[in-house]
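**Student:** All residue numbers for the sequence shown refer to the numbering used here, where the first residue is 2 and numbers rise by one.
Heads up, the beta-carbon is just placed ideally off N, CA and C, and yes, glycines get one too.
Attaching a single structure in structure tokens format; questions to follow.
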Amino acid sequence: MTVGSISFHAAADALAGDGWCVVDDLLDASQVTALAAECAAMHDASLLQPAATGAERKLSTLRGDRTHWFATGAMSAPQQAFTDRLDALCGVLNRELMLGLVECESHYAVYRPGAVYARHRDRLRHSDARVVSAVFYLNADWRERDGGALRLYLADDAHRDILPQAGRLLLFLSERFEHEVLPATRDRMSIASWLRRRSSGVPL
Ligand code: OGA
Ligand code: MN
């Protein structure tokens, strides 16, 4: 068994228990660096679009990031390596928790200094397809004073702040947890992904 599948096994236990966890060994350092370099280069080339929220994908004041969706069948090598690992995670979660995950969707996101994503839940109103939210961070040498934590709201309004440190993957159940992105003092890069099941198609 590889190191990855051991930590995926632990992640399955954590999702079944607390409903969230952090995995720090999804990819090796060179793969993380390749993703960060690609995201930064695409942002510099103005290839990221102002993010939208909700079914109508309206431009939003709720969030200030710019995004680029990974295109199925046309991914760069770093994007494919990342997606392959998430697909492997889906396999473990399906075997151990019978979640019925069939695919993942992912986008790069860049938050300029001061940009936020206000408190929200990831489950879309018109679809129950998103089961697990997975946020992967691409920022080398992130310190607490840089801000930019992902604030995850737990029961009774307790919360945990997760720093967007390169190589860190945060997993949580999309339906259960509200969360927000706090402002940072430097550019903040992430990949936001959702592990999806087939939507029931029933309006929620
Ligand atoms: C999102 C989100 C968090 C992050 O895109 O829905 O909550 O830390 N992103 O980038
Ligand atoms: Mn979110």
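Is the stretch 164 to 176 touching the stretch 16 to 25, taking contact as three or more C-beta pairs under 8 Å?
**Tutor:** Touching, yes, given that three or more Cβ pairs across the two stretches are closer than 8 Å.
**Student:** If you follow the alpha helix (DSSP H) that residue 173 is in, where does it begin and where does it stop?
**Tutor:** As a working note, residue 173 is residue 172 in the sequence shown. No alpha helix (DSSP H) holds residue 173; the beta strand (DSSP E) holding it covers 170 to 174.
**Student:** Do the stretch 177 to 187 and the stretch 154 to 164 make contact, defined as three or more Cβ pairs closer than 8 Å?
**Tutor:** Verdict: yes, contact present.
**Student:** So if I measure from each beta-carbon to every heavy atom of the ligand MN and keep distances below 7 Å, which residues remain?
**Tutor:** Those residues, listed in chain order, are 118, 121, 123, 134, 180, 193.
**Student:** Give me the Cα-Cα distance between residue 105 and residue 136, rounded to the nearest whole angstrom.
**Tutor:** Indexing the sequence shown from 1 puts residue 105 at position 104. Indexing the sequence shown from 1 puts residue 136 at position 135. Roughly 12 Å separates the two Cα atoms.
**Student:** With distances taken from CA atoms, which of 30, 49, 35 is nearest residue 81?
**Tutor:** By 1-based counting over the sequence shown, the position of residue 81 is 80. Measuring from the Cα of residue 81, the nearest candidate turns out to be 35.
**Student:** Please state whether DSSP places residue 189 in a helix, a strand or coil.
**Tutor:** As a working note, residue 189 is residue 188 in the sequence shown. Strand at residue 189.
**Student:** Need the endpoints of the alpha helix (DSSP H) that residue 25 sits in, please.
**Tutor:** Position 24 of the sequence shown, counted from the start, is the residue given in the question as residue 25. From DSSP, residue 25 is part of no alpha helix (DSSP H); its letter is neither H nor E.
**Student:** Between 53, 195, 117, which lies nearest to residue 150 when the distance is taken from Cα to Cα?
**Tutor:** The residue you call residue 150 lines up with position 149 of the sequence shown. Considering only alpha carbons, the answer is 117.
**Student:** Here's the rule I'm using: 16 or more other beta-carbon atoms within 10 Å means buried, otherwise exposed. How should residue 207 be labelled?
**Tutor:** Only positions 2 to 205 of the chain appear in the structure, and residue 207 is not among them; the question remains open.
**Student:** What is the rounded straight-line gap between the Cα of residue 160 and the Cα of residue 191?
**Tutor:** Residue numbering aside, residue 160 sits at position 159 when the sequence shown is read from its first letter. Residue numbering aside, residue 191 sits at position 190 when the sequence shown is read from its first letter. So the alpha carbons of these two residues sit roughly 20 Å apart.
**Student:** By alpha-carbon positions, which one of 189, 30, 143, 164 ends up nearest to residue 79?
**Tutor:** As a working mapping, residue 79 is identified with position 78 in the sequence shown. Considering only alpha carbons, the answer is 30.
**Student:** Report the residue from 96, 143, 197, 165 whose alpha carbon sits nearest the alpha carbon of residue 14.
**Tutor:** Locating residue 14 in the sequence shown gives position 13, counting from the first residue. The residue with the shortest Cα to Cα distance from residue 14 is 96.
**Student:** Give the secondary structure of residue 14 by DSSP, where H, G and I count as helix, E and B as strand, and everything else as coil.
**Tutor:** Walking along the sequence shown from the start, residue 14 turns up at place 13. Looking at residue 14 - three-state DSSP - the assignment turns out to be helix.
**Student:** Where do the N-terminal and C-terminal ends of the alpha helix (DSSP H) with residue 152 fall, by residue?
**Tutor:** As a first step, residue 152 is located in the sequence shown; it is residue number 151 there, counting from the start. Here residue 152 belongs to no alpha helix (DSSP H); instead the beta strand (DSSP E) covers 151 to 154.
**Student:** Between which two residues does the beta strand (DSSP E) holding residue 88 run?
**Tutor:** By one-based count along the sequence shown, residue 88 stands at place 87. Residue 88 -> not in any beta strand (DSSP E); alpha helix (DSSP H) instead, spanning 78 to 98.
**Student:** Measuring alpha carbon to alpha carbon, tell me which of 132, 123, 109 ends up nearest residue 91.
**Tutor:** Taking the first residue of the sequence shown as 1, we reach residue 91 at position 90. Considering only alpha carbons, the answer is 132.
**Student:** Given this structure, state the Cα-to-Cα distance separating residue 199 from residue 164, to the nearest angstrom.
**Tutor:** Residue 199 sits at position 198 when you count from the first residue of the sequence shown. Residue 164 sits at position 163 when you count from the first residue of the sequence shown. If I take the Cα positions, the gap works out to 31 Å.
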